[in-house]
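Enquirer: Take any residue in the sequence shown, note its place counting from 1, add 140, and you have its number in the numbering used here.
The following block contains the structure, expressed as structure tokens.
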Amino acid sequence: MPRSPRSEKPARAVAPWVRTRLRTAPWAAASLALLVLVTAYLAAVLPRAVDAYETEGLRHDIRTAAPRSSVLELTAEPPGLELPPSVREAGLAPAVLGKQRDRAGALLPAPLRTDPGQTVHGVRTVKRVEGLDPWLPRPDGISPELVLASLSGLAEHTTLRAGRLPAGTARAPEAVVTTKTAEALRIKPGSVVHVPGRVSAVPLALTVTGIVEPRGPEGPYWAVEPLLRTPALAPLVSQEVTYYWQGALLLSPTSAPALLSTTGEPEVYFRYLPTADHLTGRDAGRLGAALASASGGPDLVRLREVVGPTGALTTELDTIVGAYGSMRGAIDPVVAVAVFGIGAVAAVVLAMTGGLFVARRDGELALIRSRGASLTGIGLRLLGETSAVAVPAALLALVLAVATARGPDGASGGVLGGIPLLPSVLATIAVALVAMLVLPLRAVVRHRRPRLHGGRDDLLTARPSRRRTVLELTLLVLAVSAVASLRLRGTGDSGDHLVSAAPVLVGLIAALVLVRVYPLPLRWAARPARRLRGAVGPLALARAGRASSAGTLPLLALVLALTTAAFGGSVLAGVADARDRAALLATGADARIDGTVEWTPLPAGLAEAVRTTPGVRDVAPLQIEYGVSLPSPGSDTAQPMSSALVGVEPDAYTRLARRTGFGPFPAALLATTGKGGKEAAADTARVLPAIASPSVAARLGSAPQEIVSAAGVFRVRIVAVRPTTPALQGADFLLVNSADLTHRANTALLVSGPSDGAALRAVVKAKSAALLVSTRTEERAGYVDSPLQSGAERIYLGAIGAGAGFAVVAVLLSLLQNAPERTTLLARLRTMGLTRRQGRRLLGLEALPQAVLAAVGGTLVGWATVPLLAPGVDLFRLALATTPGFAPLDSAPLRVDPWSLAVPAVAVVLITAVAAAGQAWWAGRRGSVKELRAGDAR
141 MPRSPRSEKP ARAVAPWVRT RLRTAPWAAA SLALLVLVTA YLAAVLPRAV DAYETEGLRH
201 DIRTAAPRSS VLELTAEPPG LELPPSVREA GLAPAVLGKQ RDRAGALLPA PLRTDPGQTV
261 HGVRTVKRVE GLDPWLPRPD GISPELVLAS LSGLAEHTTL RAGRLPAGTA RAPEAVVTTK
321 TAEALRIKPG SVVHVPGRVS AVPLALTVTG IVEPRGPEGP YWAVEPLLRT PALAPLVSQE
381 VTYYWQGALL LSPTSAPALL STTGEPEVYF RYLPTADHLT GRDAGRLGAA LASASGGPDL
441 VRLREVVGPT GALTTELDTI VGAYGSMRGA IDPVVAVAVF GIGAVAAVVL AMTGGLFVAR
501 RDGELALIRS RGASLTGIGL RLLGETSAVA VPAALLALVL AVATARGPDG ASGGVLGGIP
561 LLPSVLATIA VALVAMLVLP LRAVVRHRRP RLHGGRDDLL TARPSRRRTV LELTLLVLAV
621 SAVASLRLRG TGDSGDHLVS AAPVLVGLIA ALVLVRVYPL PLRWAARPAR RLRGAVGPLA
681 LARAGRASSA GTLPLLALVL ALTTAAFGGS VLAGVADARD RAALLATGAD ARIDGTVEWT
741 PLPAGLAEAV RTTPGVRDVA PLQIEYGVSL PSPGSDTAQP MSSALVGVEP DAYTRLARRT
801 GFGPFPAALL ATTGKGGKEA AADTARVLPA IASPSVAARL GSAPQEIVSA AGVFRVRIVA
861 VRPTTPALQG ADFLLVNSAD LTHRANTALL VSGPSDGAAL RAVVKAKSAA LLVSTRTEER
921 AGYVDSPLQS GAERIYLGAI GAGAGFAVVA VLLSLLQNAP ERTTLLARLR TMGLTRRQGR
981 RLLGLEALPQ AVLAAVGGTL VGWATVPLLA PGVDLFRLAL ATTPGFAPLD SAPLRVDPWS
1041 LAVPAVAVVL ITAVAAAGQA WWAGRRGSVK ELRAGDAR
């Protein structure tokens, strides 16, 4: 009995499209997943790396700042005179001041936080008071001046050396002094120091009960007011310089009310040391606003409710935060250039991947489209394929980025401090969207109309559409605008992304131009190639010309990668060059030996001892006298002018000047007059040849002028003008032959060649301990003291490395796109007698034209981009950890680095040749029969 239709079992469902495609092409899916993983990881880790080094930079600047600069000090006047004495004294009781300290500290606005262990409060005299006792030392008959201060936590920050810690009361105050103060002022335990009283003529007696040694004298407790631990011999300048002692007496907290009876104008103070471990780079703006509010805004009003209406908060922390913001504002736009470059290269490579998949499946999609499939259906199916690969890879990349890129304190991100996740999430989403949408969009555009066979589509016959022409002109306008804006305004505006994208736009325009002119050199090369013996050369050129017009993307990726590498390498080279030059300007040579004060004669035999030090190649002795007055010929009303007089040995000095490049000249210009030392004392009319700085030369003119100096009285005639000299840094100078000076005494040595500063210091110390040895390498290391600088340099190194990696991927993708067609062609030619060696040459020569064009074009674009954009890019803040005006250099210009141009370009050509040879070798291993199956449409 036949079964009814309802009783039949349903047919097996067709396997899902996505699963089928992934199973049939696992290597393609794995390759896309790997590319998305790497690209998404780089995109996600970049904002985390930037945030990490900016955070570390802010914390570093606050931590390394001198406590005197970073401390927050809240001061107020003591209770007013209108109050009874008992009330005034009660207002300075330790318990009262402790409560005010805690309440005021709690009112400090976020993100300010302070270290409770370093908080100090008490009472001190603003005006130093005179020590009246006759036994106190008076070097020039002037009484010492004392600071009277009551500090909290004195027992925790001192070690008792003699006597006992102070107790005392307002009527019988007690104090201690540090060991250095006791030694300088001759104070012992039990001494009584008298200071003037405020009301009556009866002085206030302060009993010194002990001598203490500061614990951690360089710490914040003592470093804010160094006079509290170390006395000073201060000068008093009138008709002549006289000296007197300044010191401090440390009163007990219970003796603080006694300061109301002195003439020292006492004040209450609360000192808070800020902490930086909780701050991030994003808190710089909030921190500056909080400091402004606490110093003169609403928060100061709340602080005055605690300490009184005269309360005032003073700090230099706002200056530190402002300097950090200035450096970050100068570095961020330079870093943005590298970010835009590597981002553009990554986007192009992802687009190339989608183009490769579309080219491989062109026949399949054309067949589906011809049988009635809709564009929407094709697009959604392809979107499902790419989403199944790209989304998991992007999520894994985000997890890896969060796990590997942590903050300075080890925090990975999220709500509780650390690095924010949102920028990394957005960057990952962007990469995933590009990877997911490239294949569907390119397939939909390519198969808008059903077709079975495509026509010829190559670079020689393709004609750019009007829309493409309009797009290229738009990009050209943007590139010109960006370059003009960068040259005029520089990189000062960190929010102007068009300026940061200038190198990318220049590379993009250059790539589009190269694509348009690409057929011309092929046509020029094809004509002479026809006369060559054999068919490999002409056939390779013909095949290169038949390359698909989609080859724009590989060319674009390579040009952008080479431009990014050239610009990044030039930035790093410019930074290194600026540091080298600044260090050399600061020292004048590889090492410099001179005194810690001006006009310190060097010991006899020091130059000979230095010359025998291992590694020393040359020594140039100098005699430098600062502040030599210059005459004003022809004008009695000219402003006074002084200059440094430098006596040199011409031969040694000119060798040094040639090596350093700072004002070299022929040694014969400073030929000796033959009169020096005692013989020249009576001959004041002798004329010495001199080399001068421009301003000194303009002052003295061309006629001989008399110079009166400690080195002698003589006349000089300017024989040459030089803008710089290794002897001095940024100062006017007058160079003469030291052999012609009346009083000769070398004050500095410029040493060339030493690599071991310790060995040189040992030789110098054996002669004198009062000399200072500075080396160029140590000076150079001092220019990199901020994580902002080192972090930005790491970003640039990473951008160059990532660009190189994406360039390799672009080369491989461009070869893989036409790999099946090339393999089939090679198999067909093999049946016609082509040898394996000729096949390898054919594929190599076919791939090289585009690689050579990209290498030459990328090199030329990189070479042109650097001088084109150099006027708007100043690497000063990235190179030197200081501000202009406080460094030997005024600017750090961008310059072309030949290695950054040549190495990536040669690498692209070599990688292309190796990849083409590998493809030919692999194709040669496969049999021709398999490639030439009957009915194969290839």
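Using N, Cα and C, we set each Cβ at its ideal position, and we do this for glycine too.
Run the CB neighbour count on Gln929, radius 10 Å, all protein chains shown included, and call it buried at 16 or more, exposed below.
Expert: It counts as buried.
Enquirer: Can you tell me the Cβ-Cβ gap for Leu828 and Phe854, rounded? I've got them flagged as a contact below 8 Å.
Expert: Right, their Cβ atoms sit about 5 Å apart.
Enquirer: Any idea if Ala650 is buried or exposed, counting beta-carbon neighbours within 10 angstroms, 16 or more meaning buried?
Expert: Ala650 comes out buried.
Enquirer: Indicate the three-state DSSP secondary structure (helix, strand or coil) for Ile569 in the structure shown.
Expert: Correct three-state label for Ile569: helix.
Enquirer: By the three-class DSSP mapping on this structure, what secondary structure does Ala843 have?
Expert: Residue state, collapsed to three classes: coil.
Enquirer: Report back the beta-carbon spacing between Val1001 and Val646 to the nearest angstrom; my notes put them in contact at under 8 Å.
Expert: About 7 Å; that satisfies the 8 Å criterion.
Enquirer: So for Ser625, helix, strand or coil by DSSP?
Expert: It is helical.
Enquirer: Tell me whether Thr454 sits in a helix, a strand or coil according to DSSP, three-state version.
Expert: Note: Thr454 maps to strand in three-state DSSP.
Enquirer: Can you give me the Cβ contacts of Leu841 inside the same chain, cut-off strictly under 7 Å, excluding the 5 residues immediately before and after it?
Expert: It should be noted that the sequence gives Gly, not Leu, for residue 841. Around Gly841: Pro773.
Enquirer: With DSSP as the reference, please indicate the residues paired to Glu353 in a beta bridge.
Expert: BP columns for Glu353 point to Thr299.
Enquirer: Pick from Trp385, Asp872, Ser769: whose alpha carbon is nearest that of Glu285?
Expert: Nearest C-alpha to Glu285: Trp385.
Enquirer: In chain order, what residues of the same chain have a beta carbon less than 6 Å from the beta carbon of Gly231, not counting five sequence neighbours either side?
Expert: Taken in chain order, the residues that qualify are Pro219.
Enquirer: Please state whether DSSP places Gly197 in a helix, a strand or coil.
Expert: Gly197 falls in the helix class under three-state DSSP.
Enquirer: From Ala432 to Leu305, what does the alpha carbon distance come to, in whole angstroms?
Expert: Their Cα atoms are separated by approximately 40 Å.
Enquirer: Under the three-state reduction of DSSP, which class applies to Ile282: helix, strand or coil?
Expert: If DSSP states are grouped into helix, strand and coil, Ile282 belongs with coil.
Enquirer: With burial defined as no fewer than 16 other Cβ atoms inside 10 Å of the residue's Cβ, what is the status of Met972: buried or exposed?
Expert: Answer is exposed; the Cβ neighbour count stays below 16.
Enquirer: Starting from Asp758 and walking both ways along the beta strand (DSSP E), at which residues does that stretch end?
Expert: Here the beta strand (DSSP E) through Asp758 covers 758-769.
Enquirer: Give me the Cα-Cα distance between Leu252 and Pro438, rounded to the nearest whole angstrom.
Expert: Each residue's alpha carbon lies about 15 Å from the other.
Enquirer: Quick check on this structure: which residue in Leu573, Val339, Ala642 has the alpha carbon closest to the alpha carbon of Ala476?
Expert: Closest by alpha carbon: Ala642.
Enquirer: Would you list the residues sitting across from Ala830 in a DSSP beta bridge?
Expert: Beta-bridge pairing links Ala830 to Ile858.
Enquirer: Starting from Val913, follow the alpha helix (DSSP H) in both directions and report where the run begins and ends.
Expert: That residue, Val913, is in no alpha helix (DSSP H); its beta strand (DSSP E) goes 911-915.
Enquirer: Beta carbon of Ala1060, beta carbon of Leu988: below 7 Å?
Expert: The answer is no: Cβ separation not under 7 Å.
Enquirer: Assuming the contact rule is C-beta atoms closer than 8 Å, Val474 and Val1013 should be a hit. Round their C-beta distance to whole Å, please.
Expert: Contact holds; Cβ gap of about 7 Å.
Enquirer: Just to confirm the assignment, what range does the alpha helix (DSSP H) spanning Ala506 have?
Expert: Taken as a continuous stretch (DSSP letters only), the alpha helix (DSSP H) holding Ala506 covers 502-510.
Enquirer: So for Pro643, helix, strand or coil by DSSP?
Expert: Of the three classes helix, strand and coil, the one that applies to Pro643 here is helix, per DSSP.
Enquirer: Tell me which residue opens and which closes the alpha helix (DSSP H) that Arg521 is part of.
Expert: Start and end: 515-544.
Enquirer: So what's Phe410 in DSSP terms, helix, strand or just coil?
Expert: Phe410: strand per DSSP, three-state reduction.
Enquirer: For Asp423, name the three-state secondary structure that DSSP assigns.
Expert: In the structure shown, Asp423 sits in a helix (DSSP, three-state: H, G or I).
Enquirer: Does the pairing of the segment 879-895 with the segment 755-763 give three or more beta-carbon distances under 8 Å?
Expert: Output reads yes: the segment 755-763 touches the segment 879-895.
Enquirer: With respect to the alpha helix (DSSP H) encompassing Phe802, which residues constitute its N-terminal and C-terminal limits?
Expert: From DSSP, Phe802 is part of no alpha helix (DSSP H); its letter is neither H nor E.
Enquirer: If you run the structure through DSSP and keep just helix, strand and coil, what is Gly262?
Expert: Reduced to three states, the DSSP call for Gly262 is strand.
Enquirer: Please identify the residue among Lys907, Leu443, Ala398 whose C-alpha is closest to the C-alpha of Val750.
Expert: When each option's Cα is compared against that of Val750, the closest is Lys907.
Enquirer: CA-CA distance, Ala206 and Val951?
Expert: Using only the alpha carbons, I get a separation of about 54 Å.
Enquirer: Val585: buried (16+ other C-beta within 10 angstroms of its C-beta) or exposed?
Expert: Val585 should be labelled exposed.
Enquirer: Does the distance from the CB of Glu525 to the CB of Arg1017 come in under 7 Å?
Expert: No, the Cβ-Cβ distance between Glu525 and Arg1017 is not below 7 Å.
Enquirer: Quick one: is Gly554 buried, meaning 16 or more other Cβ sit within 10 Å of its Cβ, or exposed?
Expert: Confidence in Gly554 is poor, its pLDDT being 48 and thus under 50, which makes the residue's placement unreliable; the coordinate value appears in the next sentence. Per the 10 Å Cβ criterion, exposed.
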